[in-house]
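Shown next, in structure tokens, is the structure this report addresses.
2 protein chains.
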Amino acid sequence: MPSITRRRSAKLGRPTSAEADVLAATQRLLAGGATFTELGVQQICTEAGVARSTFYSHFRDKTDLLLRLAGRLMATSFDVTSAWQPAAGVEGLEEAFLQVIQVYRRHAAVRRALAEVATYDSAVRDYFTAELHQFTDWTIKILRAEQEAGRTPAGLDPVSATRIIVTGGERALTDQVTSADPASDPAFARELAHTWWHGVYRRPGT
Amino acid sequence: MPSITRRRSAKLGRPTSAEADVLAATQRLLAGGATFTELGVQQICTEAGVARSTFYSHFRDKTDLLLRLAGRLMATSFDVTSAWQPAAGVEGLEEAFLQVIQVYRRHAAVRRALAEVATYDSAVRDYFTAELHQFTDWTIKILRAEQEAGRTPAGLDPVSATRIIVTGGERALTDQVTSADPASDPAFARELAHTWWHGVYRRPGT
DNA sequence: GTAATTTCCGGACGCGATGTCCGGACGTTG
DNA sequence: CAACGTCCGGACATCGCGTCCGGAAATTAC
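Residue numbers (our numbering), protein chains in the order written: chain A, 648 to 853; chain B, 648 to 853.
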């Protein structure tokens, strides 16, 4: 157990701790197109210029590394999204999505790895769904409030609609960021905003 | 090279070839909640009552097994979806989605495995995206035709909208099937249909 | 200065899973 | 009976993971 009074790394001349090197190297490899699953610990350590045994003195395993890499990813994108309110209208929604896309693009590699491992690792999946839960709860609440105010049709099912918005939207965003030209981002943001707006929040009729 | 004149398996009384046993066992284990990645060859063989060496005389590797398991999955759901035309209206779309959900529920296990492995195995990913391409092309074509006819706003970007519909919709469907109560299927189908209808196909204004 | 402590290296180890190979048992086919 | 195809059972090399330990190097405390 390290003492708290003692600085972790008093001297700054040193090439920063091995931990940071590993984090950076992983992000680099991921950004280079590698898949987290097919990425070996040895490979990461070689890229980081660190001994393999050192890796395990900083991370319990590869999953631990990924989770720590994930960090405050979701938190930031949640802040951006939840800043929007229906009162801001479809233009405001479009603007919000454009910002979300920027955030997604910045962390595309880690986000992709997260979605990847979440499909077969329960620990990562739990983390992922827990983070998505923020969005789900928030969206359901907003929809119910809009229904109360009579701006969203009462016949709409908030739970199903939210599943479409959050789950489907998250996937579409990830897809846009990982395999579409950034030049098409504005058009995509506009489509997403208008689809949710006219398809859900201001769905006409009935 | 086996002779063509000679029947592969003349006698039908035999307990069907080991290959079928492996396919069935895998589907069973998958349906039981197992993850394809964490599923070992030994485990599959034990469940199938087959020697491990026999597995490799029928399948090149686990990926080969999955691809063969995938078979005509996508084909059937494409047939169901593409049977719908905008002329059938939102009610027709709702009905089509309800049928798609049935198909998804039937093959949920394999579909989940497919989506899982597609995230890190390029061979499976290629297969998956190739199959999704059918839907993408079809949807873009429909949207363009609707714009020509003036029923869908001309300002809509067919490519971005299709990305939302196909990619996002596929994910929302998978989510509904894997983690929601079947009783909520009709409500979900209704929401999906209305969202795409009013949000895209018959988006109001401009 | 020296000693103690932290951090990292380098390599060993056991483990489990993958994919290959082969000898032999069994039933079918001609 | 003999040839053939299918399957079993186990041996084998290989790889990646996670653990462990002895020692080098640098930093800190005294």
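Just so you know, even glycine gets a beta-carbon here, dropped at the ideal spot from N, CA and C. Quick caveat: nothing in here was measured; it's all calculated off a predicted structure.
Checklist entry - Taking A:Val727 as the reference, which of A:Trp785, A:Cys692, A:Gln674 and A:Ala819 has the closest Cα? => result A:Trp785
Checklist entry - Which bits of chain B does A:Glu602 rub up against, with CB to CB less than 7 Å? => result Lying before the first or after the last residue shown, residue 602 of chain A is absent from chain A, which here runs from 648 to 853.
Checklist entry - DSSP on B:Thr684, reduced to helix/strand/coil? => result coil
Item to check | Status (buried if at least 16 other CB within 10 Å, exposed otherwise) for B:Gly848 | outcome: Sequence check: residue 848 of chain B is Tyr here, not Gly. Answer is buried; the Cβ neighbour count reaches 16.
Checklist entry - Exposed or buried, which one is A:Tyr703 when buried takes at least 16 other CB atoms within 10 Å? => result exposed
Checklist entry - How about B:Val806 and B:Ile789: are their beta carbons less than 8 Å apart? => result no
Checklist entry - Could you give the uninterrupted runs of the alpha helix (DSSP H) lying entirely in the region 722 to 800 of chain A, keeping only those of 4 residues or more? => result 736 to 753, 755 to 765 and 769 to 795
Checklist entry - Under 8 Å, do A:Thr809 and A:Thr842 count as touching if we go by C-beta distance? => result no
Item to check | Rounded separation between A:Pro833 and A:Tyr751 - CA only | outcome: 14 Å
Checklist entry - Using 8 Å as the threshold, is the region 678 to 697 of chain A in touch with the region 753 to 766 of chain A, meaning 3 or more CB pairs across them? => result yes
Item to check | A:Ala756 and A:Leu670 closer than 8 Å at C-beta | outcome: no
Next on the checklist: Let me confirm a value: A:Asp768 is counted as buried when at least 16 other C-beta atoms fall within 10 Å, else exposed. Which label applies?
Outcome noted: buried
Item to check | Alpha-carbon to alpha-carbon, B:Ala695 and B:Pro662 | outcome: Confidence in B:Pro662 is poor, its pLDDT being 49 and thus under 50, which makes the residue's placement too unreliable to answer from.
Item to check | Which of helix, strand or coil DSSP assigns to A:Ala698 | outcome: coil
Checklist entry - According to DSSP, is B:Leu714 helix, strand or coil? => result helix
Checklist entry - Roughly how many angstroms lie between the CA atoms of A:Gly852 and B:Thr776, to the nearest whole one? => result 36 Å
Item to check | Rounded Cβ spacing between B:Ala819 and A:Thr814 (contact assumed at less than 8 Å) | outcome: 5 Å
Item to check | Residues near A:Val697 by beta carbon distance below 7 Å, same chain, minus five either side | outcome: Ala665, Asp668 and Val669
Checklist entry - In three-state DSSP terms, what is B:Pro851? => result coil
Next on the checklist: Suppose contacts are defined by Cβ-Cβ distances below 8 Å. Is A:Arg675 in contact with A:Gln689 by that definition?
Outcome noted: no
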